[in-house]
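> Just so you know, the sequence shown maps onto residues 13 to 300 in the working numbering.
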Amino acid sequence: MKTLKVLMLMAMTAQASSSYTLASSEEEAARLKRQNTVMLDNAKAHLKKAGLTAGQTLIDIGCGGGDMTLYLAEAVGPKGHVLALDVSEAQLTIARSKIQAAGFKNVTYIHCDIQDAEPAALKEWQDKLDLAYSKLVFMHLTKVEAGVANMTKLLKVGGIAAVQDSIWSESPCQPPYPPLDYYCQKRIELGCKRGQDCKIGAKLEQFFQGPQWAPQDYYVVKTPTALGGDGGYIANFRAALNGSRQHYLDEAILSADELAKMEQGLAATPPKDMVVILTQAYLVAQKI
Ligand SMILES: C[S@@+](CC[C@H](N)C(=O)[O-])C[C@H]1O[C@@H](n2cnc3c(N)ncnc32)[C@H](O)[C@@H]1O
13 MKTLKVLMLM AMTAQASSSY TLASSEEEAA RLKRQNTVML DNAKAHLKKA
63 GLTAGQTLID IGCGGGDMTL YLAEAVGPKG HVLALDVSEA QLTIARSKIQ
113 AAGFKNVTYI HCDIQDAEPA ALKEWQDKLD LAYSKLVFMH LTKVEAGVAN
163 MTKLLKVGGI AAVQDSIWSE SPCQPPYPPL DYYCQKRIEL GCKRGQDCKI
213 GAKLEQFFQG PQWAPQDYYV VKTPTALGGD GGYIANFRAA LNGSRQHYLD
263 EAILSADELA KMEQGLAATP PKDMVVILTQ AYLVAQKI
């Protein structure tokens, strides 16, 4: 049974959107869970500002392994409803099993690319949502405006768009740590080459302007995160690299030798007192 589940996940992983830069595996879901733990308090504060409350109907766009979806399902309660949307069927499967195991019955799973024009799966939800939430997804999109257009259509008048995304730095460590600086520089380059923007957090406001939006709340938070030893947060960078190593070769960002050197660098244990500064941007905008 376990083998069958693994085979199914592998098949679904292979089908996942080729434009997504990271993997859609169990390893990626574990990486997202670690990342979510570090960012959870700020994400909760963001959702509080967005007016998250019991009874709402909302969407978690790019829900990944469902870590925030779980929180949202609990927050809206049995009278509310959550749509968990992802372009990766494999991530949706992981999210579904997590959410079902926790006993929530108020979640609908939608397999869809948020950048598609008029996605059939979203039609019945147009003008119905109180909140459209997206965390760490915009930096993976190649057509952000198309994604925002779908968010806008889903929201009812008075509904809220809440978006969190990254502002990657080429040198995020204190004190500077060359192996991670090198990784960050190359990761930013890879995103650019694939039509994506690892610093999109700095630009979030521009997507929510115009007559359909009330003045918005936008702020940036820098979180110092200790990398620690082997089991620490550096494992996340290694997992991200592992899931996207072929893209570095295909896009000629790194040669095989350079890739091996980068992997070696990230396998070393960083100095104990070193921290990586994670920079995240948060936007709350109301549809009028
Ligand atoms: C970095 S993960 C973030 C997951 C989750 N929001 C979190 O914070 O843990 C990005 C997720 O967005 C999904 N994704 C990427 N491009 C997408 C698209 N065009 N439409 C829908 N989902 C997308 C990926 O499959 C992945 O699960």
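From the three backbone atoms N, C-alpha and C, an ideal C-beta is built for every residue, glycine too.
Every value quoted in this text rests on a predicted model; they were computed, and no experiment measured them.
Starting from residue 125, follow the beta strand (DSSP E) in both directions and report where the run begins and ends.
Per DSSP, residue 125 belongs to no beta strand (DSSP E) and is neither H nor E.
> Could you please give the first and the last residue of the uninterrupted alpha helix (DSSP H) stretch that includes residue 244?
Looking at the DSSP string, residue 244 is not in any alpha helix (DSSP H), and its letter there is neither H nor E.
> Can you find the residues in the same chain that come closer than 6 Å, C-beta to C-beta, to residue 162, ignoring five residues on each side of it along the sequence?
126.
> Say whether chain C places a C-beta atom closer than 7 Å to the C-beta of residue 274.
Checking the listed chains, one finds no chain C in this structure; it contains a single protein chain.
> Less than 7 Å between the beta carbons of residue 68 and residue 143, yes or no?
Against a cut-off of 7 Å, the Cβ pair of residue 143 and residue 68 comes out as a contact.
> May I ask you to check if the CB of residue 44 is nearer than 6 Å to at least one heavy atom of ligand 1?
Within the cutoff, so yes.
> If you compare alpha carbons, which of 225, 149 and 108 is closest to residue 85?
Checked all of 225, 149 and 108; the closest Cα to residue 85 is 108.
> Is there contact here, the region 205-219 with the region 139-155, by at least three beta-carbon pairs under 8 Å?
Contact between the region 205-219 and the region 139-155 is present, because at least three Cβ pairs lie under 8 Å.
> Tell me the rounded alpha-carbon separation between residue 213 and residue 42.
Taking the straight line joining both Cα atoms gives about 23 Å.
> Using only the heavy atoms of ligand 1, determine whether one of them is closer than 6 Å to the beta carbon of residue 152.
Checking the Cβ of residue 152 against ligand 1 gives yes.
> In the DSSP assignment, what are the bridge partners of residue 83?
BP columns for residue 83 are empty, so no partner.
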